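**Student:**
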Amino acid sequence: MKVAAVGVGYVGLVAAACLADAGNDVMCVDNDPQKIDLLRDGEIPIYEPGLTEIVKRNVTAGRLKFTTSIKEGVDESLLIFIGVGTPSAPDGSADISAVLEVAEQVAESMTDYRIIVTKSTVPVGTHKLVSEIMASKTDHPFDYVSNPEFLKEGSAVDDFLKPDRVIIGTENPAVREIMKQLYAPFMRKSKRIIFMDPASAEMAKYAANVMLATRISFMNELSGLCDTFDADIEQVRRAVGSDSRIGSAFLFPGVGYGGSCFPKDVRALTYMGDQKDCPMTIAQAVRDANYHQQDRFADRVLNYFKDKKDITIAAWGLAFKAKTDDTRESPAVRCIQKFLDAGFKVNAYDPEAKPAELEGRIKTTTRSYDALENADALVIFTDWQEFRNPNFDLITEMLNSPVIFDGRNLYDPSFIKKYGIEYHSIGRPT
Ligand code: UGA
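Be aware that the sequence shown starts at 55, since it is given in this note's numbering, and climbs by one per residue.
1. For D319, is the beta carbon positioned less than 7 Å from some heavy atom of ligand 1?
2. Closest to S194 by CA distance: which of T122, T165, I336 is it?
3. Does the structure place the segment 435-447 close enough to the segment 374-386 that three or more beta carbon pairs sit under 8 Å?
4. Please state the DSSP three-state secondary structure of V355.
5. Just to confirm, does G312 get its C-beta within under 7 Å of one of the non-hydrogen atoms of ligand 1?
6. Any heavy atom of ligand 1 within a distance shorter than 7 Å of the CB on E126?
7. Could I get the ranges of all uninterrupted alpha helix (DSSP H) runs contained in the segment 298-352, with 4 residues as the minimum, in chain order?
8. Express the C-alpha separation of K360 and P239 in angstroms, rounding to a whole number.
9. Are I90 and F120 closer than 8 Å when you measure CB to CB?
10. Look up N428 in the DSSP assignment and give the residues it is bridged to.
11. So is the beta-carbon of T175 under 7 Å away from any non-hydrogen atom of ligand 1?
12. Can you list, in chain order, the residues of its chain with a C-beta nearer than 8 Å to that of K471? Leave out the 5 residues immediately preceding and following it.
13. Here's a check: name, in chain order, each residue in its chain whose Cβ is nearer than 7 Å to the Cβ of V128, leaving out the five neighbours to either side.
14. Of all the options I475, E451, S468, D447, which has the alpha carbon lying nearest to the alpha carbon of F459?
15. From A30 to Q348, what does the alpha carbon distance come to, in whole angstroms?
16. Hey, out of P144, G139, A143, N78, whose CA is closest to V156's CA?
17. Any heavy atom of ligand 1 closer than 7 Å to the Cβ of N263?
18. Select from E427, D466, N443, T282 the residue whose C-alpha is nearest the C-alpha of E451.
19. Does the distance from the C-beta atom of E406 to that of T378 stay below 8 Å?
20. What are the start and end residues of the beta strand (DSSP E) that includes G223?
21. T484 lies in the alpha helix (DSSP H); which residues open and close that run?
22. Hey, quick one: how far does the alpha helix (DSSP H) through E476 stretch, first residue to last?
23. Just curious, the beta strand (DSSP E) that D79 is in, first and last residue?
24. My assumption, with CB atoms under 8 Å, is that A425 sits in contact with A368. Please give the rounded CB distance.
25. Would you kindly report the start and end of the unbroken beta strand (DSSP E) that includes V457?
26. Can we say the segment 314-333 touches the segment 274-288, given the rule of at least three CB pairs closer than 8 Å?
27. Whole angstroms is fine: what's the gap from K408's alpha carbon to F316's?
28. Nearest to N463 by alpha carbon, out of Y345, T381, I336, G308?
29. So what's D241 in DSSP terms, helix, strand or just coil?
This is the structure we're talking about:
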């Protein structure tokens, strides 16, 4: 099939590359000429495992092309995917201006029937708005599909190639059939495609993300209670997760969730509820609990060094989670800002991430152990694999006094004790 993908962020680029890999002709469109030039040279503007290989392979095969012209994409393709950003507006709503602008330009470029497929996370009801705008700009017929994306950063390619399910929101049976064919290469069982109306598809995306954020936040709150009762959240997690009705995924307590999706989508769902006078009280509480979790972790470090001067913290991990260079709404950034405000110095190491907000304010190192030099404590924010089994002898030797604050529960407390390290983790007896 002939497909255009407008917006080459995580969602758009991964979808485009994977669709090309299944034999489709895909034209990627972005209004950033620098990004397009990079991609034409086979360079990927984001860090995402496996993506470079799949992009290069399909560029070489001639199935994946790049342009800055929406008109070119629309001329050559039956299906136009929209995967542009929908960031939080100051009032918490999702800013869909980029989606609407693209829809308008697509409509103005159309010379024949087209299918518009929205992959961006958009507020419920956006399908109506987009359809209205397009109808006002073109006399050519079109169909609209809400096709929310569920891939995770760090495993985006795998998630796209082997999805748990694909949601197709359109009422038109002929379009459902086309979408089914497009996704057939990625489906091991056809029941994994779930057809519904566009409003439900839009809602399903928020429901999934906010449900996951709720699970994490509930575990994070419980971890605080475990601290006060000397219970162990990891044992509680195993017990709770073994109930097949609950399941074990996304129950890991930590320093709080971050990223470009959960925080934004929790806010947007809360906003939608307020708009419709149907308060989303759980989403609101999840948002508050998540900030509380981050602040509680930072405060533990700050309180530990209360009344001490010239404190240097070694921070491992700046990205909001492992396997990504993304620092959007990263708990590490929020906590480190608090350390800096308290007058602490911070040496940080992350294999991929470089948060612009902290540039010039922290010292970054290119090797994990270099961050420990002259530091008073090691604080772990991100669950990178390379932090899971470190050289504890070296850590003990390098830190001024061996203290670890672990925001990801990476280590076994009884194992760490052997090294004489003072170990503070999340919801586990010290
Ligand atoms: C999330 C969803 O998982 C995807 O399904 C969705 O497509 C995506 O948002 C999106 O809307 O685009 P992502 O933000 O890439 O994906 O990352 P996750 O793996 O979901 O992690 C989100 C945050 O939760 C991270 O900060 C992570 O460290 C934290 N987390 C995750 C926990 O604290 N505990 C867990 O058990 C799992």
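Positions of the beta carbon are idealized from the N, C-alpha and C atoms, including for glycine. Remember, it's a predicted structure, so these values are computed and weren't measured experimentally.
**Tutor:** So, from the listed chains and residues:
1. yes
2. Note that residue 194 corresponds to His in the displayed sequence, not to Ser. Considering only alpha carbons, the answer is T165.
3. yes
4. helix
5. For G312, the distance from the CB to the nearest heavy atom of ligand 1 is below 7 Å.
6. no
7. 316-329
8. 58 Å
9. In this structure, I90 sits near F120, with a CB-CB distance shorter than 8 Å.
10. Beta-bridge pairing links N428 to no other residue.
11. In this structure, the C-beta of T175 approaches ligand 1 to less than 7 Å from one of its heavy atoms.
12. Y477
13. A58, I134, V160, S163, M164, R168
14. I475
15. The structure shown does not extend to residue 30, since the chain spans only 55 to 484, so no value can be given for it.
16. G139
17. yes
18. E427
19. yes
20. 220-223 is the span of the beta strand (DSSP E), which, as asked, contains G223.
21. Element bounds for T484: n/a, residue is neither H nor E.
22. Not the alpha helix (DSSP H): E476 falls in the beta strand (DSSP E), residues 476-478.
23. For D79, the enclosing beta strand (DSSP E) stretches over residues 79-83.
24. 4 Å
25. 457-460
26. no
27. 21 Å
28. The alpha carbon of N463 has as its nearest neighbour, out of Y345, T381, I336, G308, the alpha carbon of G308.
29. It should be noted that the sequence gives Met, not Asp, for residue 241. Coil at M241, not helix or strand.
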